[in-house]
Amino acid sequence: KIRQQSKIAIAVASSGIATTLLHGGRTAHSTLKLPLNLTQCEAPLCNISKCTGEAKVLQECKLIVWDKCTMAHKQALEALDRTLQDLRGNGKLIGGAVLLLAGDFHQTLPIIQKGTMADELKACLKASYLWRHVHKLELKTNMRVHLQGDAASGQFAQQLLSLGDGKIAADPTTGLITIPNNFCNIVDSIETFKTSVFPDIRRCFNDHKWLCERAILAPKNDSV
Numbered sequence: 001k002i003r004q005q006s007k008i009a010i011a012v013a014s015s016g017i018a019t020t021l022l023h024g025g026r027t028a029h030s031t032l033k034l035p036l037n038l039t040q041c042e043a044p045l046c047n048i049s050k051c052t053g054e055a056k057v058l059q060e061c062k063l064i065v066w067d068k069c070t071m072a073h074k075q076a077l078e079a080l081d082r083t084l085q086d087l088r089g090n091g092k093l094i095g096g097a098v099l100l101l102a103g104d105f106h107q108t109l110p111i112i113q114k115g116t117m118a119d120e121l122k123a124c125l126k127a128s129y130l131w132r133h134v135h136k137l138e139l140k141t142n143m144r145v146h147l148q149g150d151a152a153s154g155q156f157a158q159q160l161l162s163l164g165d166g167k168i169a170a171d172p173t174t175g176l177i178t179i180p181n182n183f184c185n186i187v188d189s190i191e192t193f194k195t196s197v198f199p200d201i202r203r204c205f206n207d208h209k210w211l212c213e214r215a216i217l218a219p220k221n222d223s224v
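Sequential numbering of the sequence shown, starting at 1, is according to UniProt numbering.
Given below as structure tokens:
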């Protein structure tokens, strides 16, 4: 709606894949010129000079949408706040612009190399001095499940939320949980797993549509 009024709205995301879902979206680091050494500076700033085209866009923008913001380091948000106050000559939060943060803390938090869980929590947006100024809105209805009316999908979605909320009891010794039998299909080997996801891959490996309908997600690069 803002763009329909010939005003400027900027759409960014913390990950490259997420930007593909945003109209005109780009990564936050690319658009906002966030410094690569965020954690090494006490008060980092975005690498944008006042006389550049990027600065003019940020000076005139009415809205900034930041998707997957929960993946960003708190200093990224703080750097944007300082930069916009300077570029716009406005001492208000975010230089007086409206910043819409979208994300889910159930998902990946900032990655801290060789860091502990405490380091990740310290780096997340909730630990920023800006967080207390955020007006929070929660989405309660899973629209995909609601519109499709699929009971199985609804149960799976609820199980994911229970897992993210820590409601599934963990073994006190190992800290591991037992996955419910109806949560997923368990296979006995990597080969069986690959075959079930990519059956007859020797014949279909050139079929882009077939490939786009399948994916194996791995939590760590070591598993790939």
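Ideal placement from N, C-alpha and C gives every residue a C-beta, glycine not left out.
{"Check": "Buried or exposed for VAL12, going by 16 or more other Cβ atoms inside 10 Å?", "Outcome": "buried"}
{"Check": "Note down the Cα distance separating ASN181 from ILE94, rounded to an integer number of angstroms.", "Outcome": "48 Å"}
{"Check": "Could you give the C-beta distance for ILE2 and LYS62, rounded to a whole number, given that I count them as a contact under 8 Å?", "Outcome": "5 Å"}
{"Check": "Would you please state the rounded distance, in angstroms, between the beta carbons of ASP104 and THR70? I believe it to be under 8 Å.", "Outcome": "6 Å"}
{"Check": "For LEU87, does the count of other Cβ atoms within 10 angstroms reach 16, so buried, or fall short, so exposed?", "Outcome": "buried"}
{"Check": "Are there three or more Cβ pairs, one per stretch, closer than 8 Å when the region 75-85 is compared with the region 33-48?", "Outcome": "yes"}
{"Check": "Apply the 10 Å Cβ neighbour rule to LYS56 and answer buried if 16 or more other Cβ atoms are within range, or exposed otherwise.", "Outcome": "exposed"}
{"Check": "Confirm, please, whether the CB-CB distance from VAL145 to ALA102 is below 8 Å.", "Outcome": "no"}
{"Check": "Using beta-carbon positions only, say whether ALA170 and ILE177 come within less than 8 Å of one another.", "Outcome": "yes"}
{"Check": "ASP67 by DSSP, collapsed to three states: which one?", "Outcome": "strand"}
{"Check": "Taking C-beta to C-beta, are HIS73 and LEU130 nearer than 8 Å?", "Outcome": "no"}
{"Check": "Quick one: what does DSSP say LEU161 is sitting in, helix, strand or coil?", "Outcome": "helix"}
{"Check": "Could you please give the first and the last residue of the uninterrupted beta strand (DSSP E) stretch that includes residue 226?", "Outcome": "In the structure as shown, the chain starts at 1 and stops at 224, and residue 226 therefore has no counterpart that could be examined."}
{"Check": "Quick one: what does DSSP say VAL57 is sitting in, helix, strand or coil?", "Outcome": "helix"}
{"Check": "Curious, which full-length alpha helix (DSSP H) runs of at least 4 residues does the region 182-206 contain?", "Outcome": "190-197 and 201-204"}
{"Check": "Once DSSP output is grouped into helix, strand and coil, what is the label at ILE177?", "Outcome": "strand"}
{"Check": "Sorted by chain position, which residues of the same chain lie with C-beta nearer than 8 Å to LEU163's C-beta, five sequence neighbours on each side aside?", "Outcome": "ILE177"}
{"Check": "Taking DSSP's pairing of strands, which residues face THR27 in a bridge?", "Outcome": "ALA13"}
{"Check": "Within its chain, find whatever has a CB closer than 8 Å to the CB of ILE10; leave out the 5 residues flanking it on each side and keep chain order.", "Outcome": "THR31, VAL57, LEU58, CYS61, LEU63, ILE64 and VAL65"}
{"Check": "Return the first residue and the last residue of the alpha helix (DSSP H) that LEU84 is part of.", "Outcome": "74-88"}
{"Check": "Apart from the five residues just before and just after HIS106, which ones in its own chain have a Cβ nearer than 6 Å to its Cβ?", "Outcome": "GLY164"}
{"Check": "Which class does VAL145 belong to by DSSP, given the choice of helix, strand or coil?", "Outcome": "helix"}
{"Check": "Are the beta-carbon atoms belonging to LEU109 and ALA97 less than 8 Å from one another?", "Outcome": "no"}
{"Check": "Exposed or buried, ALA100, counting other C-beta atoms within 10 Å across all chains shown (16 or more means buried)?", "Outcome": "In the sequence under discussion, the amino acid at residue 100 is Leu, which differs from the Ala named in the question. Exposed is the call here."}
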